[in-house]
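Under the working numbering, read the sequence shown as residues 22 to 98, first letter to last.
Glycine included, every Cβ here is placed at the ideal spot set by N, Cα and C.
As structure tokens, the structure follows; a few thoughts come after it.
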Amino acid sequence: MVNALVNLDENTNRVLNIVKAQHGLKDKSEAISFVVEKYIEEQGEPELRPEFIAKMKQIEKQKSIRVNDFATRYGLK
């Protein structure tokens, strides 16, 4: 868990208090977590750039090699 000191304007503070009261949350930390979770649900995962998807598909088609000991193979030992 991360501790953060945040500065809120009056309106944001009021909204967090409303969210906290409406959902029976213990503190503003839980209210912030609740709002962020709802945002993630609404927005979903960000879309990947088409160039990145094409590059990953190209890499996926490449022949792979078996490596038993990574450190030995790449001179790390």
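Span separating the alpha-carbon of asparagine 38 from that of threonine 93: 58 Å
How long is the line joining the alpha carbons of glutamine 79 and leucine 69, rounded to whole angstroms? 15 Å
With DSSP collapsed to three states, give me the class of isoleucine 53. helix
Helix, strand or coil for valine 40? Go by DSSP, reduced to three states. Residue state, collapsed to three classes: helix.
Three-state secondary structure (DSSP) at arginine 87? coil
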